[in-house]
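For reference, the structure discussed in these notes is given below.
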Amino acid sequence: MIVVLQSFGLIAQEKEKKEVSETFAAVRIINGHSTETLKKRQFRYIIAHRFGDALGDLGGIQTAFGFDNAADIRFGFDFGITDNLMIGFSRLKGTGDPYRSLLEGSVKYRFLTQTENNSMPVSVSYAGSMYATYMPSSESISSVTNFERFSHRLMYGSQLTIARKLHPRLSVALMPTYVHRNKVEATDVNGLFSIGGAARIRVSKRIGLIAEYFYNIHDSSIREDYKNSLGLAMEWLTNGHTFTINLTNARGFGELQYVALTTSDWLEGQFRLGFSITRTFSY
Amino acid sequence: MKKSFLLLLLVSVIVSLGFMLNQKRIKVLVESVHELDSLSVVSVEHQFGEPLPNHYMGKYDADLAEIGAQLIHEGKASYGDKNGKLISSYFKCTDCHNLVKETAKLTNLDPQDRLDYLVENGLPFTAGSTFFGIYNRSTYYNDDYYKKYGSLVNAAKDTLANAIQLCAEYCASGRKLVDWELNAILHYFKKHELRLRDLNLSDNQKEIILKALQEDKNQAEALEIIKGKYVHRYGATFTGAKIEKERGYGENGDIKNGEKIYKAACMYCHENARVTYLDLNDDVLSGKFLWKHRKGYDDLSIYQVVRWGTYPIAGRKQYMPLFPKEKMSDKQLEDLMAYIKKLAKK
Chain V
8 MIVVLQSFGL IAQEKEKKEV SETFAAVRII NGHSTETLKK RQFRYIIAHR
58 FGDALGDLGG IQTAFGFDNA ADIRFGFDFG ITDNLMIGFS RLKGTGDPYR
108 SLLEGSVKYR FLTQTENNSM PVSVSYAGSM YATYMPSSES ISSVTNFERF
158 SHRLMYGSQL TIARKLHPRL SVALMPTYVH RNKVEATDVN GLFSIGGAAR
208 IRVSKRIGLI AEYFYNIHDS SIREDYKNSL GLAMEWLTNG HTFTINLTNA
258 RGFGELQYVA LTTSDWLEGQ FRLGFSITRT FSY
Chain L
6 MKKSFLLLLL VSVIVSLGFM LNQKRIKVLV ESVHELDSLS VVSVEHQFGE
56 PLPNHYMGKY DADLAEIGAQ LIHEGKASYG DKNGKLISSY FKCTDCHNLV
106 KETAKLTNLD PQDRLDYLVE NGLPFTAGST FFGIYNRSTY YNDDYYKKYG
156 SLVNAAKDTL ANAIQLCAEY CASGRKLVDW ELNAILHYFK KHELRLRDLN
206 LSDNQKEIIL KALQEDKNQA EALEIIKGKY VHRYGATFTG AKIEKERGYG
256 ENGDIKNGEK IYKAACMYCH ENARVTYLDL NDDVLSGKFL WKHRKGYDDL
306 SIYQVVRWGT YPIAGRKQYM PLFPKEKMSD KQLEDLMAYI KKLAKK
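Chains V and L supply the protein sequences, listed in that same order. Counting from 1, position 37 in the first sequence corresponds to residue 44 in the numbering used here; the numbering is continuous, with no gaps. Counting from 1, position 229 in the second sequence corresponds to residue 234 in the numbering used here; the numbering is continuous, with no gaps.
Written out as structure tokens, the structure reads:
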């Protein structure tokens with residue numbers, strides 16, 4: 008009897024506060040973090056590539072539209088600690104512009120989840136990442152990769168993602184982001200703010216189209232060579248696998264690289280094909 | 006000679022004492038009808054000449070039964086200084102089994118009445134049988150379960166402990182239980198064994214049982230009354246996937262009833278991808294996805310997976326259990342298809 012009463016109570020509670028699921032398909036939208044997290048005791052392996060420029064000076068037929076070059080490569084693991092908290096470790100090749108051989112550690116926590124009755128209209132997560140490069144220090148004193156101190160090798164990214172599933176077929180997200188580097192060029196800023204926006208349209212249960220853009224906020228007299236990151240993607244879900252094929256001008260992975268260090272320009276053909284394959288396991 | 010006589014005497018005294026004590030343990034003493042309610046069905050039946058089940062235990066240990074409850078609900082528990090490990094990373098007992106009765110009248114096995122009762126009580130429409138009264142059953146993995154588990158069923162079909170182990174290791178894609186875990190679950194089952202109050206006995210029937218207990222009269226009649234009041238075995242008929250030309254694709258299905266099944270059965274596991282990677286909602290995308298896979302016999306076809314389930318594979322050991330005919334009727338499956346068709350806006 009008690010069990011029956013308990014289940015009554017639980018079901019009643021669930022109906023009031025039924026959480027919205029599948030706002031995005033994966034824990035990342037294209038480059039930015041979605042509000043999705045792994046569930047408790049899930050483990051995810053990621054292999055992701057960004058190829059070279061598809062068109063422009065370095066693209067075209069000579070490089071098989073960028074396939075000959077790898078702008079960045081990510082190998083990583085994510086672990087679900089609770090249904091709302093996950094941690095991840097990745098090794099990034101780094102674009103070499105300026106960093107190579109990056110290690111990334113990240114924590115993501117979803118502290119609000121959108122509910123069907125709109126008592127909570129949005130899902131909100133925070134993702135913090137820390138990057139360390141183990142590339143050799145440059146001998147040129149003027150270079151940002153001349154690491155006088157160990158702290159010069161460290162970079163940080165913080166991203167708040169506010170997402171809402173507006174319709175079974177449409178989800179949107181806003182991503183205020185802050186990237187901090189301990190050592191930057193004279194024409195750059197240590198702390199860079201950026202505001203990202205993304206939308207995902209689901210063509211079917213398993214196929215979706217995504218657009219994502221980051222607008223960097225800084226004085227126009229600095230960071231003249233840098234561009235904002237724009238990505239377009241198609242995703243395909245299967246049981247446990249997610250495949251994402253994307254086109255983006257950002258060369259590198261991680262808030263550090265795609266927000267703060269994107270120099271490629273879509274209009275000059277400097278966009279690339281990228282893909283990520285993830286496989287989720289339970290343990 | 007004298008010594009052997011004394012020895013013989015001693016042995017006979019011990020044996021008769023043991024026999025008397027044993028009788029006393031089992032003998033059920035009642036003075037009035039009101040005392041009947043809390044009596045254990047197994048003990049009363051035994052007094053009327055029924056053999057005890059092979060998992061019989063005199064009484065349960067409340068602490069162990071509590072640990073058993075934890076294992077059933079959460080999939081792991083700690084015992085003394087022993088730290089528990091998950092039995093299965095993929096399933097908990099309660100993903101496939103309810104713990105309470107599933108129809109108002111215990112002997113009613115009609116799948117539609119079961120659905121109505123479960124929905125009314127906010128319970129899931131599971132593919133497995135309830136644990137309620139499992140202590141009073143003596144056969145498990147009945148009928149067609151051998152088609153799925155082959156000779157693994159041999160040891161499990163008449164022994165509750167082996168049935169639990171088969172479920173933990175194979176059905177839940179987990180591991181064998183260690184002794185104390187198995188024991189804890191058995192104590193939980195003992196704690197929740199059927200008592201006479203669960204059987205909806207009429208006053209007249211109670212009187213007959215009382216008389217039979219007090220005066221040892223009409224015991225056969227009393228036993229028959231009790232045995233006719235609960236389920237001794239759950240049948241399992243695997244119908245297999247309907248061939249395509251026999252499928253109704255929801256043509257004459259009852260959409261409202263289908264919605265009940267979708268919400269109480271499909272969504273119980275698939276909502277927010279709770280025990281699977283396939284996330285289902287009651288939206289048009291889920292509807293279109295399921296409707297698209299109405300044909301064929303693959304692991305996405307509704308007719309196939311409801312009747313055969315899916316199989317655990319390396320790296321993805323979550324799988325879907327199958328619904329025997331006794332748990333979901335062909336009509337209910339058509340009702341479900343009718344709802345999916347509506348969801349898909351077809």
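All C-beta atoms in this analysis are idealised placements derived from N, C-alpha and C, irrespective of residue type, glycine included. These numbers were taken from a predicted model, which means no experiment stands behind them.
With a threshold of 16 other beta carbon atoms within 10 Å, Y267 of chain L meets it and is buried. The continuous stretches of beta strand (DSSP E) do not include A132 of chain L, and DSSP gives it neither H nor E. Flagged as an interface residue toward chain V: G320 of chain L, by a C-beta distance shorter than 8 Å. Straight-line spacing of the CA atoms in G292 of chain L and R279 of chain L works out to 18 Å.
Ranked by Cα distance from A206 of chain V, the first of V:F31, V:E26 and V:K24 is V:F31. Boundaries of the beta strand (DSSP E) harbouring G164 of chain V: L161 to H174, taken from the DSSP string. Counting along the chain, K232 of chain L sits inside the alpha helix (DSSP H) bounded by residues Q224 to K232. For G215 of chain V and G127 of chain L, the gap between their C-alpha atoms comes out near 34 Å. Residue pairing by DSSP puts I224 of chain V in a beta bridge opposite V:F200. Just so you know, the alpha carbons of L44 of chain L and R202 of chain L end up roughly 8 Å apart.
Counting C-beta atoms within 10 angstroms of its own C-beta, K211 of chain L has 16 or more neighbours from the protein chains shown and is therefore classed as buried.
In the structure shown, K115 of chain V falls within a strand segment according to DSSP collapsed to helix, strand and coil. Nothing from the segment 64-77 of chain L brings a Cβ to less than 8 Å from some Cβ of chain V. With contact defined as three or more Cβ pairs closer than 8 Å, the segment 60-78 of chain V and the segment 152-160 of chain V are not in contact. For K152 of chain L, the closest of L:K346, L:G314, L:I345 and L:L348 by C-alpha to C-alpha distance is L:G314. Within the DSSP secondary-structure output, E125 of chain L pairs in no beta bridge. Here the C-alpha atom of A177 of chain L lies approximately 10 Å from the C-alpha atom of M325 of chain L. Between the alpha carbons of G135 of chain V and D195 of chain V lies a distance of about 22 Å. For the set L:N205, L:K196, L:L165 and L:H197, the Cα lying nearest the Cα of L187 of chain L is the one of L:L165. Counting only residues of its own chain and dropping the five nearest sequence neighbours on each side, L290 of chain L has no CB closer than 8 Å to any other CB. Straight-line spacing of the CA atoms in D303 of chain L and Q309 of chain L works out to 7 Å. Contact with chain L is found for G247 of chain V, since one of that chain's Cβ atoms lies less than 8 Å from the residue's Cβ. Only residues of its own chain outside the window of five on either side were considered, and among them Y254, G255 and G258 have a CB closer than 6 Å to the CB of M342 of chain L, listed in chain order.
For R279 of chain V, the uninterrupted beta strand (DSSP E) run begins and ends at R279 to S289, by DSSP.
Per DSSP, the continuous beta strand (DSSP E) segment holding W243 of chain V begins and ends at L237 to L244.
Not one beta carbon of chain L lies nearer than 8 Å to the beta carbon of T270 of chain V.
In this chain, Y106 of chain V is not harboured by any alpha helix (DSSP H), its DSSP state being neither H nor E. Between A189 of chain L and L76 of chain L a beta carbon distance of about 6 Å is seen, short of the 8 Å cut, so the two are scored as contacting.
Between the beta-carbon of Q49 of chain V and that of S289 of chain V there is about 6 Å, and that keeps the pair under the 8 Å contact cut.
Using a 10 angstroms sphere on the CB of G155 of chain L, the tally of other CB atoms stays under 16, which defines it as exposed. Rounded to the nearest whole angstrom, the CA to CA distance from A109 of chain L to Y122 of chain L is 7 Å. The beta carbon of L283 of chain L sits closer than 8 Å to some beta carbon of chain V. For S83 of chain L, same chain residues with a beta-carbon under 7 Å away, outside a window of 5 residues either side, are G89 in chain order. E249 of chain L counts as exposed, since fewer than 16 other C-beta atoms from the protein chains shown sit within 10 angstroms of its C-beta. Not a single CB atom of chain V sits nearer than 8 Å to the CB of L199 of chain L. With respect to the C-alpha of V311 of chain L, the residue from L:I318, L:G320 and L:E331 having the closest C-alpha is L:E331.
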